[in-house]
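Under this note's numbering, think of the first position of the sequence shown as 167, with each following residue one higher.
Just so you know, even glycine gets a beta-carbon here, dropped at the ideal spot from N, CA and C.
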Amino acid sequence: MAFGKRQSGVGAAAQSLNVDPHVASSRIATETVQGPSPFRWFIMLVACAAGLYHLLASYGPDLLRDHRLAGTWQPAYDLQATEGKCERTNFVITFCSTKIKSVARPDQAPMTHSFLMFFSSGGGEALVPVRSTTNRSAVSIFYAAETKLWNRTLSLIFAAGMMALLDLVALFGFWNAVNS
């Protein structure tokens, strides 16, 4: 068939598709499939480890502080919460953040307070800034420090567990690729 000439649907498809039932299948059976290279597994291992570190380093200290100071929070009338928002992704994870600024010292830069929750929207809740009675420098949002403390704890444990599991899979994949 000359280039550029049209044929009807059946004729064109029959020429481009081999419909011969006598195709040699030995070529398919003898090809071996190579797995991903060790470099790919190493990149996955490093990425999962970095994600786990970021998760624990960014949310862990605030969560430990909130558990340590649980029950000691009281409303801080010298602070004001501004720009509060919660973004829910895939109906599972909610990332909330707010800025807490000082009313007594307006020249002081506002502090950003952020946290994550699973299976909770956080929409419509009042953002009341609170200060600990035992540690006056510790400030938070009442909703995050008291109301949703256990949700935040279980969310961090679950997310860290999943990241650690992915890191373990990447480690075994890297080990298997290096030894094969």
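- Of A343, F338 and L320, the smallest CA-CA separation from L230 is found for L320.
- Positions of the beta strand (DSSP E) runs, each at least 3 residues long and wholly inside the region 259 to 286, are given as 259 to 268 and 277 to 284 in order along the chain.
- When the Cα atoms are used, W341 and L218 turn out to be separated by approximately 20 Å.
- Its chain contains L322 as the residues whose beta carbon lies nearer than 6 Å to that of Y225, once the 5 sequence neighbours on both sides are disregarded; these appear in chain order.
- Among the bridge pairs identified by DSSP, E253 is matched with F261.
- When secondary structure is reduced to three states using DSSP, S224 falls in the helix class.
- The Cβ-Cβ distance between R297 and L245 falls below 9 Å.
- Excluding the 5 residues flanking it on each side, V269 has same chain C-beta neighbours closer than 6 Å at D244 and Q246, in chain order.
- In this structure, DSSP gives S321 a helical state, which the three-state scheme calls helix.
- Residue pairing by DSSP places T248 opposite K265 in a beta bridge.
- Measuring C-alpha to C-alpha distances from T248 to each of S280, D228, D232 and L211 identifies S280 as the nearest.
- For C214, the closest of N256, V344, N345 and M328 by C-alpha to C-alpha distance is M328.
- In the DSSP assignment, no residue is bridged to R234.
- Short of 7 Å from the beta carbon of W207, and not among the five residues preceding or following it, lie these beta carbons of its own chain, in chain order: A336, G339, F340 and A343.
- Taking a C-beta distance under 9 Å as the contact criterion, F284 and F324 qualify as a contact pair.
- Residue state for R206 is assigned as helix, using DSSP reduced to three classes.
- DSSP lists Q240 and V305 as the bridge partner or partners of R297.
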